[in-house]
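Numbering of the sequence shown is given in my numbering, commencing with residue 2 and proceeding in unit increments.
The beta carbon of each residue, even a glycine, is placed where N, CA and C say it ideally should be.
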Amino acid sequence: MIKSVIFDMDGVVVDTEPLSHRANFAFYKSLGIEVTDDVYTTFIGNSDRNIIQKVKNIYGVEAPEDELLEKGLKYYCEAFDNDKTLELMPGVKKLIEDLYNNGMTILLASSSSKVKIDRVFNRFGLDKYFSHKISGQDFEFSKPHPAIFLEAVAKSGFTANECVVIEDSTNGVKAANAAGVFCIGYKNDEHSVQDISLADMKISDFSQLDYEKIKSLK
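So this is what it looks like as structure tokens:
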């Protein structure tokens, strides 16, 4: 029986992808580089530090890593604080409440920095539902490396076979697979270029899930 659900954040819990896209491309413009959509797509699911490392390697940006991280985070926070339209993904709050009310252990395992995670959780009052919030900034390697999900399983107190991951990115699905955790791939937009074909189960709406369905997954 499934006893723990591990959520990704961006694009799963909250619709931050458009906001992040705007903030990131403003940041890249300030660096004088042009990141194509094809390259940007490969960044999805990576930690902020790993993305900065890729930007430096691909585009030859010479500024120090920590300086770039701080600058990129500033662009994000300004966009987040000024975006009054930001919403949770449709139906996800109802699912989280259903899982919580039925005693399911819920964790977050997001590639985002702790500052970004805390901003989302504070705005939408999510802290009480989650036993742990795990940030990709604490790991050397980001998704598709399984480290963050292995840590989430360990913190859940259950085995990998008693956990499920909900992910929307190609890198996230691969990371869940590598961690040996059942993966529910969430495709919220039919135009999304993220490939979730390797997920064990695929959904397009959170109304397709509830506590009873999840606890019985094999």
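Unbroken alpha helix (DSSP H) runs of length 4 or more, entirely within the stretch 28 to 90: which are they? 38 to 44, 49 to 60 and 66 to 83
For ILE197, three-class secondary structure by DSSP: The sequence position of residue 197 within the sequence shown is 196, counting from 1. Under the three-state reduction of DSSP, ILE197 is assigned to coil, being neither helix nor strand.
Our contact map puts LEU108 next to ILE135 with C-beta atoms below 8 Å; I'd like the distance itself, whole angstroms only. Here residue 108 corresponds to residue number 107 of the sequence shown, with the count starting at 1. Here residue 135 corresponds to residue number 134 of the sequence shown, with the count starting at 1. Rounded, the Cβ-Cβ distance is 7 Å, consistent with contact.
Buried or exposed: where does ARG50 fall if 16 or more other Cβ atoms within 10 Å of its Cβ makes it buried? As a working note, residue 50 is residue 49 in the sequence shown. Buried: at least 16 other Cβ atoms inside 10 Å.
Taking DSSP's pairing of strands, which residues face GLU168 in a bridge? By one-based count along the sequence shown, residue 168 stands at place 167. As a beta-bridge residue in DSSP terms, GLU168 pairs with GLY186.
By DSSP's criteria, LEU11 is part of a beta bridge. Which residues make up the other side? Position 10 of the sequence shown, counted from the first residue, corresponds to residue 11. In the sequence as displayed, the identity of residue 11 is Asp instead of Leu. Paired residues: VAL15.
Same chain, Cβ closer than 7 Å to ALA161, neighbours up to 5 away in sequence not counted: Residue mapping note: residue 161 aligns to position 160 of the sequence shown, counting from 1. VAL154, ALA180, GLY181 and VAL182, listed in sequence order.
Taking its Cβ as the centre, do 16 or more other Cβ atoms sit within 10 Å of SER208, making it buried, or is it exposed? Numbered from its first residue, the sequence shown carries residue 208 at position 207. With fewer than 16 Cβ atoms within 10 Å of its Cβ, SER208 is classed as exposed.
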